[in-house]
Amino acid sequence: MLSVLRRHRDPLLVCLILAHALGMFLGSSRRVRDPNLVDRIALAVTAPVQRGAVATVDGMVNAWQQYVSLRSVRRDNAGLLQENTKLRADVVGLAEARAENERLRRLVHYDEVNPGPKVIARVLGINPDPNRLTLRIDRGEGDGVRRGQAVVTADGVVGQVLRATASAADVLVVFDPNSRLGGRVQRTRSRVGIAGAGDEQALKLEYLLRTEDLEEGDLVVTSGTDGVYPPGLVVGRVTGVQRQTSGMFLNAGILPAVNFGKVEEVLVLAPQPAASFPTRMEGQGGR
Amino acid sequence: MKLALTLVLTLMFLALESVAVKYVGLGVARIDVTVAIVAFLSLRAGLLEGAAASYAVGYLLDLMTGRPTGLYTLLAVVTFLLGRIAAGIVDVRSAKSFALFAMAADATHGLLAWGIGSVSDKQMAVSGLSGLPLEVFLTGLAALVLYPLLKRFGLGAEKRDPGLLTL
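Protein sequence lines correspond, in order, to chains A and B.
1059 is the number of the first residue of the first sequence in this note's numbering; add one for each residue after it.
-9 is the number of the first residue of the second sequence in this note's numbering; add one for each residue after it.
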């Protein structure tokens, strides 16, 4: 008997193992049993492995996600840089359009306040000849522009058309030494002569008696007596008043209302009819 | 010593598998590495040593389920014994043939689990059967990877004689 058992020891032990497993399964209830010593050891061994594996995988996943994110950020950054450049260019363009719109709006407003035939022209350039301070505009005889017509902006007087071709015209600016126009001190209604001095920052105020009332900052407007400019156009403000002890006239300058360095659009006014010369205003001045 | 190594490897694989399932999201279909180990034992280990190791492997699998009922312990031993019988019929010498062997073992294991489980727990039976094909496939893939590793560790390397009554 013992020899049989010894000979078939392994199969018998395997049967015991199988029987124990079967008994364990059949004997188990639905209720979860408390962990025994073996369970605790097994769980104690697996838990750190699981933690390590989770940490490793999490680290790899995080590293990968950060790498992908970084690539994405770089790509987005490049795209945003391009977009930013384009938008900045657009902003510059829009600001330019806005400024142009503002200037045109003011010109339109001027047209509403001062009705009459006008031609809106764009300044093409400044004549490089230092002896002739002129601007070139993009309107000419084809647009009705003729020599002698007044050129203004919403800010004030610019000059008069010196010559015109079919599609362009040169404008003699008021600060050219050859320029002359009739003016009037708005506050006192004194009539004065205005001459260019070759300096865009200063016009000469002429022919005002030194006994006349004149103050710094007085507004000077066109008188309309020169046959070129209609009356009431702003020329500038009085500056540098000097009353001499001798002589008939005082010396003063006029700071032009128009910033000639920034003129971009102008209005070319129709020739002044002789009847519109405000001769009746001459009596108000004291020359 | 081999039994201890088997247990350590099984614990490692189960721990890693649980983590892999967590990330891959194979809620229904598990990669049954324990069946692959049992299949390998049935090919290489002796009868007593293999049965004891399978018992231990099944016990650990039971333990890792969180609700040990002894079902997987029983099934591991049964699968090992059936594998011993099958090993007398087929010749498994390569990783590919081992993968097929492990897939067959896993299918058997799954069907037995479903059959026995359906008697005691219907919900477990339904979920087990629906995920079985994918589980078998994934276990085959895992077996391809595990085969050289198990060979390297020399798990049950001293035994090649198939059958239940041979020593």
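Positions of the beta carbon are idealized from the N, C-alpha and C atoms, including for glycine.
- Out of A:Gly1285, A:Gly1275, A:Pro1289 and A:Thr1297, the CA that lies nearest to the CA of Leu1261 (chain A) is found in A:Thr1297.
- The beta carbons of Val126 (chain B) and Ala97 (chain B) sit about 5 angstroms from each other, so the pair counts as a contact at 8 angstroms.
- Under the three-state reduction of DSSP, Gly1298 (chain A) is assigned to strand.
- For Gly1110 (chain A), the enclosing alpha helix (DSSP H) begins and ends at Leu1095 to Val1171.
- Here the alpha carbons of Asp52 (chain B) and Ile1075 (chain A) stand approximately 16 angstroms from one another.
- In this model, Ala77 (chain B) and Val1112 (chain A) are separated by some 37 angstroms (Cα to Cα).
- CA-CA distance, Arg1132 (chain A) to Thr129 (chain B), rounds to 41 angstroms.
- In terms of Cβ geometry, Val82 (chain B) and Phe88 (chain B) form a close pair [threshold 7 angstroms].
- Here Leu65 (chain B) really is in contact with Ala103 (chain B); their C-beta atoms are around 6 angstroms apart, less than 8 angstroms.
- For Tyr45 (chain B), the C-beta contacts it makes with chain A under 9 angstroms involve Ile1075, Leu1076, His1078 and Ala1079, in order along the chain.
- In this structure, A:Val1324 is the residue among A:Val1324, A:Gln1140 and A:Lys1144 with its C-alpha nearest to the C-alpha of Arg1180 (chain A).
- Per DSSP, the unbroken alpha helix (DSSP H) holding Asp1068 (chain A) starts and ends at Arg1067 to Gly1085.
- Within chain A, the residues Phe1083 and Ser1086 have their CB atoms less than 7 angstroms from the CB of Thr59 (chain B), given in chain order.
- The C-beta separation of Gly1254 (chain A) from Asp1284 (chain A) comes to about 13 angstroms, leaving the pair out of contact by the 8 angstroms criterion.
- Under DSSP, the beta-bridge partners assigned to Gln1218 (chain A) are A:Ala1208 and A:Leu1230.
- Within chain A, the residues Val1107 have their CB atoms less than 7 angstroms from the CB of Met2 (chain B), given in chain order.
- Judged by beta-carbon spacing, Gly1198 (chain A) lies beyond the 7 angstroms limit of Ser1237 (chain A), meaning their Cβ atoms are not closer than that value.
- Apart from the 5 residues on each side of it in sequence, Leu1263 (chain A) sits with its Cβ closer than 6 angstroms to the Cβ of Val1250, Ala1310 and Ile1312 in its chain, given in chain order.
- Excluding the 5 residues flanking it on each side, Val23 (chain B) has same chain C-beta neighbours closer than 6 angstroms at Phe3, Glu7 and Ala132, in chain order.
- B:Leu134 is the residue among B:Phe70, B:Val47, B:Gly100 and B:Leu134 whose C-alpha sits nearest the C-alpha of Lys86 (chain B).
- Counting only the Cα atoms, Ala1121 (chain A) lies some 37 angstroms from Tyr49 (chain B).
- For Ser8 (chain B), the chain A residues whose C-beta falls within less than 7 angstroms of its own C-beta are Gln1108, listed in chain order.
- Minimum Cα-Cα distance from Ala1100 (chain A) among the listed residues B:Arg20, B:Thr55 and B:Ser32 corresponds to B:Thr55.
- By the C-beta density criterion, Val1062 (chain A) is exposed, having fewer than 16 other C-beta atoms within 10 angstroms.
- Along the segment 12 to 96 of chain B, the alpha helix (DSSP H) occurs as fully enclosed runs of 4 or more residues at 23 to 34, 37 to 54 and 61 to 77, listed in sequence order.
- The alpha carbon of Arg1295 (chain A) has as its nearest neighbour, out of A:Pro1314, A:Thr1280, A:Phe1307 and A:Val1286, the alpha carbon of A:Pro1314.
- Among the CB atoms of chain A, none fall inside 7 angstroms of the CB of Val25 (chain B).
- Taking C-beta atoms under 8 angstroms as the contact rule, Val1243 (chain A) and Leu1272 (chain A) qualify, at a distance of about 6 angstroms.
- The DSSP-derived three-state label of Val1181 (chain A) is strand.
- Residue environment: Ala1208 (chain A) is assigned as buried (16 or more neighbouring CB atoms within 10 Å of its CB, all protein chains considered).
- For Pro1314 (chain A), the enclosing beta strand (DSSP E) stretches over residues Asn1309 to Pro1314.
- Remark: C-beta atoms of Ala94 (chain B) and Val25 (chain B) do not approach each other more closely than 7 angstroms.
- For Glu1264 (chain A), the uninterrupted beta strand (DSSP E) segment begins and ends at Ala1260 to Glu1264.
- For Glu125 (chain B), the secondary structure class from DSSP, reduced to helix, strand or coil, is helix.
- Taken through DSSP and simplified to helix, strand or coil, Asp1257 (chain A) comes out as strand.
- Under DSSP, the beta-bridge partners assigned to Gly1251 (chain A) are A:Gly1240 and A:Glu1264.
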